[in-house]
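So the sequence lines, in the order shown, correspond to chains A, B and C. Here our numbering runs 404 ahead of the position in the first sequence, where the first position is 1. Here our numbering runs 203 ahead of the position in the second sequence, where the first position is 1. Here our numbering runs 1 ahead of the position in the third sequence, where the first position is 1. Backbone N, C-alpha and C define an ideal beta-carbon position, used for all residues, glycine too. Keep in mind the model is a prediction, meaning the values are calculated, not measured.
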Amino acid sequence: MTATQKHSLADTATTAFCWSAAALTGVAVLAVMGFLIFRGAGTLGLELFFGQTPWWDALTGARPVFDGLWSALAGTLILVVLSCLMAVPVGIAGGVYLSVYASRRYQSMTGFAVDLMAGIPSIVMGLFGFSMIVVLRHALFPHAKTCLLLAAVCIALLILPYLVRTTQNALSGLPEHLRLLGPSLGFSTWQNTRHVLLPSAGRGILSGVILAMGRAAEDTAVILLTGVVAQAFLPRSLWDKFEALPFRIYYLAAEHRSVAELDQAFGAALVLLMLTGALFCLAFLIQRTMEHRWKK
Amino acid sequence: MFFEIWIRRLLCAAAMVSTAAALCILLVLITLVLPLFAHGGLATVLAWQWLPFNGKFGILPMVVGSLWLSLGALAAATPLAVGLACFVQVLAPGRVKSLCLALVHYMTSIPTVIYGFVSIFLLVPLMRQWFERGTGFSLLTAMLALTLLILPTIVLVFHATLREADRTARATCAALGFSKPSYIRHVLLPLSRRGLLAAVILGFGRAVGDTLISLMLAGNAPMVPGSPADAIRTLTAHIALVVATDSQSTFYHSVFASGLILFLIMALINLALRRLGRSFAP
Amino acid sequence: MMSPKGFSLSVIAMALLVCAAPVLAGDLDRFTNLEGTLDIAGGTAHIPVMNEAAKRIMTFNPKVRITVAGGGSGIGVQKVGEGLVDIGNTGRALSEEEVAKFGLQSFDFAIDGVAPIVHPENPVTGLTAQQIRDVFAGRITRWSEVGGPDEAIHVYGREEASGTHEVFWGKMLKKEPIVASANIIQSNGAMKVAVSQDANAIGYMSIGHIDDTVKPLAVDGVTPSQETAVEGSYPVVRHLFMNTKGDPKPLARAFIDYILSEEGAGITSAAGYIPVR
Chain A
405 MTATQKHSLA DTATTAFCWS AAALTGVAVL AVMGFLIFRG AGTLGLELFF GQTPWWDALT
465 GARPVFDGLW SALAGTLILV VLSCLMAVPV GIAGGVYLSV YASRRYQSMT GFAVDLMAGI
525 PSIVMGLFGF SMIVVLRHAL FPHAKTCLLL AAVCIALLIL PYLVRTTQNA LSGLPEHLRL
585 LGPSLGFSTW QNTRHVLLPS AGRGILSGVI LAMGRAAEDT AVILLTGVVA QAFLPRSLWD
645 KFEALPFRIY YLAAEHRSVA ELDQAFGAAL VLLMLTGALF CLAFLIQRTM EHRWKK
Chain B
204 MFFEIWIRRL LCAAAMVSTA AALCILLVLI TLVLPLFAHG GLATVLAWQW LPFNGKFGIL
264 PMVVGSLWLS LGALAAATPL AVGLACFVQV LAPGRVKSLC LALVHYMTSI PTVIYGFVSI
324 FLLVPLMRQW FERGTGFSLL TAMLALTLLI LPTIVLVFHA TLREADRTAR ATCAALGFSK
384 PSYIRHVLLP LSRRGLLAAV ILGFGRAVGD TLISLMLAGN APMVPGSPAD AIRTLTAHIA
444 LVVATDSQST FYHSVFASGL ILFLIMALIN LALRRLGRSF AP
Chain C
2 MMSPKGFSLS VIAMALLVCA APVLAGDLDR FTNLEGTLDI AGGTAHIPVM NEAAKRIMTF
62 NPKVRITVAG GGSGIGVQKV GEGLVDIGNT GRALSEEEVA KFGLQSFDFA IDGVAPIVHP
122 ENPVTGLTAQ QIRDVFAGRI TRWSEVGGPD EAIHVYGREE ASGTHEVFWG KMLKKEPIVA
182 SANIIQSNGA MKVAVSQDAN AIGYMSIGHI DDTVKPLAVD GVTPSQETAV EGSYPVVRHL
242 FMNTKGDPKP LARAFIDYIL SEEGAGITSA AGYIPVR
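What follows is the structure, encoded as structure tokens:
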């Protein structure tokens, strides 16, 4: 074979490899989604969520739902709201500090801690939550139990580093002339941050928040150790056990007692996929419009 | 001015929360593992057999399981990621490029429990048919699902590097008469070596830290695998299993040891990434 | 003013009503004035009974809420002992250590057995006790060695703290360790799903969970069923217990009484166990 022939063979091979990598990935993802839609679409409907209980009673919590996803879905939503309420203000504030106020050295040190937190496996976070209860029981609160509050705190810790990083990146990614605008007009740092930087980076920060919400909704390992159970209905207080959508999927996959329960599992998987997919699309679109605005 | 100082302090405190939390977690894990060191229990935990009712609390099979699973998934995902990233950056026509990129971004939002769930019904029966020995729940099954999970992480990080390198090199190489595939092989990839290493390390971190896929697909047998069709148990699945089912205080030490090992692995990964000059960006 | 006949008829009717009242009132009545949360965790064999009872009680009185978790007998003992749940279920009797350490009270409510199970299409219908021990220990590795097709035997086991496991391991396997490559399953329900999906599987499960998606193996000629368990011809038998720390609180007491009542016994039988009365 001449050098040219070898060369073009190598070229073809490279091209073929790259195209097949893309095709393989595409097929795999579509297979996953397609399978879920195929098996799960038929189950969508009021009965999937509320079983035999009439939906207005179920929504208000007047009557418990026995064969439906409602308690799991409500549990996930409550969990997301609680953990975001705790994590979002702290995360955004932290990101603002790191981007606007902090010195290089401080940024580096805190940045390492943030990365460390981001890298902690979710099961270790759950283990931390569980061990907190073990420690608390021996020390201060003999009646401490794993509950909704504990799980929300652990999930808040889980998503905190993402919020800090995306806020930091959103603010640091603003064009130089914008960062200098306030000070040039006589604004103090905080005034500049509040009136110029935050509104401009608002969309980026918002998309980060939405992604964090998606992460909180899909996590299973943390809640596995901090209070999720197979049957708990709607949590009435922060100290109750609760249900969650990803745990319901895991549980039904392992031990469905009938074809109806298996169908419910597929429905639940589809609902979770739609939930995270919707949050993702929202964040992606918001991020895109922000990039459009600042790309000159 | 007074107001300014307080705002600054408040924001600083918020930034400190992450640091404080990371330290707290490390401290708690170490404190709960310490009793092991005291009674020479370290030897019990760093052993090869997990038979808790016979007094054997060895977690080494789980360490081996975690390593095999993560490295295997990495070995499968890295070539795919390189091919995909090069495809997106260089070879793909305009529309296909944005579609592909959007797809990879979307993949990051798919929950791990979904991958595990779908694999139970699609992959496991397949594995059961192909392999004589295993039950279908095996190292290989979990590896395949995990590959799909970590793929977008590796692609996105590597692609960022590739894009930068491409920006500087593309025009020059086109002027020199490089064909696109040659450009990829001889210029682009060598330029992006560091980025690839960072992406691979990140992917490894993601693989080691995942719980659901190995819990649902790997069979959870606490043994060192002899073949890809054997069942294994990872450190993460072990923690979940022990805390959720076997639950006497003597077992806890092995669980906290597992947690500590995982924490230290991730800390090492972060240090390695720092050396390479990247952060754990989401 | 009623006629004398009408009067006596009403008196008789009222008398009948008064006598019938306890029967008509039902076993759920003990929950009428109660409210609060009851947390139950532990043995997975009990779950169908607990779930059904919880459903009925909560439908009758929505102010009561009952959460049911699994985890196995080990979790049941540990959680109730540490006060994390109100009732901890176990599929085995408590050891003296456990009773002394935590101060637990046990309430026996059902008789159950643990049977070796295989896929319904597996041609093997029975094995000797020694063969079963050899299979689970990994000495026999192919179905052809015991009269089945030439396929590898896939062993499924439970985690060590499971009551189901402890009983099967103690009474059937004579405390021999199970082969290391056995897939570990986390509950009776999950064992049923696992074995029903794998044609070459063998596992062990509570008899009450057996339905037509799995097949119990006869051991030394005796087919495991609730009848053979009760009469003693099938040896691997255990009782199902509810345990509380000290005296049960009012809601827990009512729940335990309900399970032990007539209606509760009906739920227990429907779930496939033999109620203890």
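If you check each beta-carbon in the region 229-261 of chain B against every beta-carbon of chain A, the ones closer than 8 Å belong to Val-231, Leu-232, Leu-235. Taking 7 Å as the cut-off, the Cβ atoms of Ala-70 of chain C and Ala-42 of chain C count as close. At a C-beta separation below 7 Å, Ala-153 of chain C has these neighbours in chain B: Glu-335, Arg-336. The beta carbon of Ile-387 of chain B lies closer than 7 Å to those of Cys-289, Val-293 in the same chain, with the five residues before and after it left out. Looking at A:Ala-560, A:His-547, A:Gly-681, A:Ala-664, the one whose alpha-carbon comes closest to that of Leu-483 of chain A is A:Ala-560. Non-local beta-carbon contacts of Val-81 of chain C in its own chain, meaning distances under 8 Å to residues more than five positions away in sequence, involve Ala-42, Gly-43, Asp-87, Ile-88, Gly-89, Phe-103, Leu-105, Asn-244, Thr-245, Lys-246 in chain order.
The beta carbon of Pro-425 of chain B sits closer than 7 Å to those of Trp-253, Pro-264, Met-265, Arg-436, all from its chain and outside the five residues before and after it, given in chain order. Measuring C-alpha to C-alpha distances from Asn-123 of chain C to each of C:Ala-202, C:His-240, C:Leu-39 identifies C:Ala-202 as the nearest.
Under the DSSP definition of a beta bridge, Phe-290 of chain B lacks any partner.
Under a criterion of Cβ atoms nearer than 9 Å, no residue of chain C is adjacent to Phe-516 of chain A; the nearest Cβ is some 37 Å distant. At least one C-beta of chain A is nearer than 7 Å to the C-beta of Ile-317 of chain B. By the rule that beta-carbons nearer than 7 Å mark a contact, Gly-480 of chain B does not touch chain C. Looking at the DSSP output, Phe-646 of chain A bridges to A:Val-632. Contact annotation for Ala-434 of chain B against chain C: Ser-182, Asn-184 [CB-CB distance below 7 Å, chain order]. In the DSSP assignment, Lys-246 of chain C is bridged to C:Leu-105.
In chain order, Thr-229, Ser-234, Tyr-235 place their CB closer than 8 Å to the CB of Val-223 of chain C, counting only its own chain and leaving out the 5 sequence neighbours on each side.
Shown here for Thr-38 of chain C: same chain residues with a beta carbon closer than 6 Å to its own, the five before and five after excluded, namely Arg-66 in chain order. When Cβ pairs closer than 8 Å are counted between the two stretches, the region 589-596 of chain A is seen not to touch the region 679-686 of chain A, the count staying below three. By the beta-carbon neighbour count (other beta carbons within 10 angstroms, threshold 16), Glu-335 of chain B is exposed. Within the same chain, no Cβ atom closer than 7 Å to the Cβ of Ala-435 of chain A is found once the five residues on either side in sequence are excluded. Of the residues A:Thr-693, A:Ala-672, A:Leu-677, A:His-696, the one whose Cα lies closest to the Cα of Leu-450 of chain A is A:Ala-672. At the C-beta level, Ser-487 of chain A and Ala-556 of chain A come within 7 Å of one another. For a Cβ distance threshold of 8 Å, residue set Asn-184 of chain C lies close to Phe-340 of chain B, ordered along the chain.
When secondary structure is reduced to three states using DSSP, Phe-260 of chain B falls in the strand class. Listed along the chain, the chain B residues whose CB falls inside 7 Å of the CB of Ile-527 of chain A are Thr-414, Thr-439, Ile-442, Ala-443. Around the beta carbon of Asn-423 of chain B, 16 or more other beta carbons lie within 10 angstroms, which makes this residue buried. Counting only Cβ-Cβ distances below 7 Å, Glu-659 of chain A has no contacts in chain B at all, with the closest Cβ about 12 Å away. DSSP places Ile-435 of chain B in no beta strand (DSSP E); its state is neither H nor E. Taking 7 Å as the CB threshold, Arg-66 of chain C lines the interface with chain A.
Within the region 32-46 of chain C, not one residue has a Cβ closer than 8 Å to any Cβ of chain B. Contact of Ala-447 of chain B with chain C by beta-carbon distance below 8 Å involves Gly-72, Ile-76, Gln-187. In the structure shown, Gly-114 of chain C adopts extended strand secondary structure according to DSSP, grouped into three states.
The closest CA to that of Glu-161 of chain C, considering only C:Pro-150, C:Gln-187, C:Gly-148, C:Arg-239, is found on C:Gln-187. Look at Asn-423 of chain B: its C-beta is not under 7 Å from any C-beta on chain A.
At a beta-carbon threshold of 7 Å, the residues of chain A lying near Ala-191 of chain C are Ala-658, Glu-659, ordered along the chain. Gly-523 of chain A and Leu-564 of chain A have their C-alpha atoms spaced approximately 12 Å apart.
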